[in-house]
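Report on the structure given below.
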Amino acid sequence: MRVSLRQIVLDSREPKVLVRFWAGLLGGAPVDRERGWSHVEAPGFARLAFQPVPAAKAGKNRLHLDLAVDDVEAAVRAAVALGATPAGELLRDDQGAFRTMRDPEGNEFCFVSA
14 MRVSLRQIVL DSREPKVLVR FWAGLLGGAP VDRERGWSHV EAPGFARLAF QPVPAAKAGK
74 NRLHLDLAVD DVEAAVRAAV ALGATPAGEL LRDDQGAFRT MRDPEGNEFC FVSA
C-alpha cells in the first residue's frame, strides 16, 4: 500500500480570507471552491485547504506548521503585514531559532531557521 500526503486541511470561519493570508505568505494563487472551501497550492508545499466551520478556534492547535526561513525576524515582519500576530519571543536552541506565530484566525505556526 502506498500512502501520500494530498493536502493539509484547516478548519476556518472564513476560508476565502484565510486562504489569501496563506497564499500571500507561501506563494501560489488562492482558489475558492464549492460549498465554501478554499485552497492554495504553494510551490514546494502540500496543498493547504480551508474548510468552513462555524465555530471559532478554541485552545492550542494539536498540529502546527514549521516553516523554514533564512531570517526569522524578516519573516515575522512579512507575516504581520499580511495579518499574522507573534505569539512569543524569538527562541534559540541547539537546532536553531524559531518564533511562534498565529494566522488571522489564531492557528499557530512557527518560523524556524538553522
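Numbering (the numbering used here), first residue to last: 14 to 127. Glycine included, each C-beta is placed from N, C-alpha and C at the ideal position.
Under a 10 Å Cβ-count criterion, A81 is classified as exposed, with fewer than 16 other Cβ atoms of the shown protein chains found around its own Cβ.
Here the C-alpha atom of A110 lies approximately 26 Å from the C-alpha atom of R60. Non-local beta-carbon contacts of A36 in its own chain, meaning distances under 6 Å to residues more than five positions away in sequence, involve P43, V53 in chain order. DSSP places P28 in no beta strand (DSSP E) but in the uninterrupted alpha helix (DSSP H) bounded by 28 to 39. Here E86 is exposed: its Cβ has fewer than 16 other Cβ atoms, across all protein chains shown, within 10 Å. Annotation for R90: the continuous alpha helix (DSSP H) segment containing it runs 85 to 95.
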